[in-house]
């Protein structure tokens, strides 16, 4: 769960109506500042949400032009209102993050100075019961970030075969009882379609052994995460979007990624590791220019939010921050 979480005792830039403030805001600003020090910097917020990070970046850098991307029309609407004081310095686009190259091409800005990924689901999506993201409310099984797409959690739960349900629960939810949960879902949907978050949460709870249910929070958490990732193709989008963002960075440009579960963070780590590694064949006396890394890591491992931030905002607890900087332009091999 990402950006714009409830930290109502922290007013000022970044604070939204209702008290929502972005996760690890100070660290994000610190990491991106050197890349935005030029005369006409351009930054991309690839998961705009409520626009908290965007607002703070615009306030900190008076010459910044910010491109905000989000697939959720409600996020675009809210951010348009929130960022109205900076209307002449923003371009907000309804799109999925992996459409970044197409968005930049349409805007005539193929290279940018900074890209921020604030992954996962935003607080409004969680807190608005009708969106069906949360097991704490009884609502239709929806979970779409883009309300215009056809695939919903209800479709997944009621039509996917057992093998696919097991794969999703195991791979995206890291649910060790995936076969048990999938079997019970299929049995129950045979009696009556599963259409509500409450019924699905009860089915999952029944499928999980009692001893396991006593620890680790709500037993439905992993299943709901898995379904949300499947419905919104979140990992697929990140797998395409992060390399595209790195390719778009200018020399000295920076990318920051805030991940909220191990799957996102692992994928981010792998992409950044591949771009910061020297790929010269072993044993050469000097590195080959075409094989030297184009990027350098700015964080040692995944940085965590401070204890103070987590105490104020429990939703920040799972955040993991990684960042990298472009240190060389690409070199064509002769």
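Residue numbers (our numbering): 1301 to 1634. The beta carbon of each residue, even a glycine, is placed where N, CA and C say it ideally should be.
- The residue from 1629, 1565, 1409 and 1385 with its alpha-carbon nearest to that of residue 1356 is 1385.
- Within the same chain, and ignoring the five residues on either side of residue 1378 in sequence, the residues whose Cβ sits closer than 6 angstroms to its Cβ are 1350.
- When DSSP states are grouped into helix, strand and coil, residue 1558 belongs to the strand group.
- By the neighbour-count criterion, in which a residue is buried when 16 or more other Cβ atoms sit within 10 angstroms of its Cβ, residue 1562 is exposed.
- Beta-bridge annotation (DSSP): residue 1484 is not paired with any residue.
- For residue 1622, the enclosing beta strand (DSSP E) has its first and last residue at 1620-1626.
- In the same chain as residue 1393, and ignoring 5 residues on each side of it, the C-beta atoms closer than 6 angstroms to its own belong to 1369 and 1403, in chain order.
- Counting the other CB atoms within 10 Å of its CB gives residue 1464 a total below 16, which places it among the exposed residues.
- When beta bridges are read from the DSSP output, residue 1369 appears opposite 1393.
- Per DSSP, the unbroken beta strand (DSSP E) holding residue 1416 starts and ends at 1412-1418.
- In chain order, 1593, 1595, 1596, 1597 and 1624 place their CB closer than 7 angstroms to the CB of residue 1576, counting only its own chain and leaving out the 5 sequence neighbours on each side.
- With respect to the C-alpha of residue 1453, the residue from 1363, 1530 and 1371 having the closest C-alpha is 1530.
- Looking at the backbone, the Cα of residue 1574 and that of residue 1544 are separated by about 14 angstroms.
- Remark: C-beta atoms of residue 1333 and residue 1365 do not approach each other more closely than 9 angstroms.
- The beta carbons of residue 1521 and residue 1438 sit about 16 angstroms from each other, so the pair does not count as a contact at 8 angstroms.
- For the beta strand (DSSP E) assignment, the stretch 1458-1516 encloses no uninterrupted run of at least 3 residues.
- Membership of residue 1343 in the beta strand (DSSP E) is indicated by the continuous run 1342-1345.
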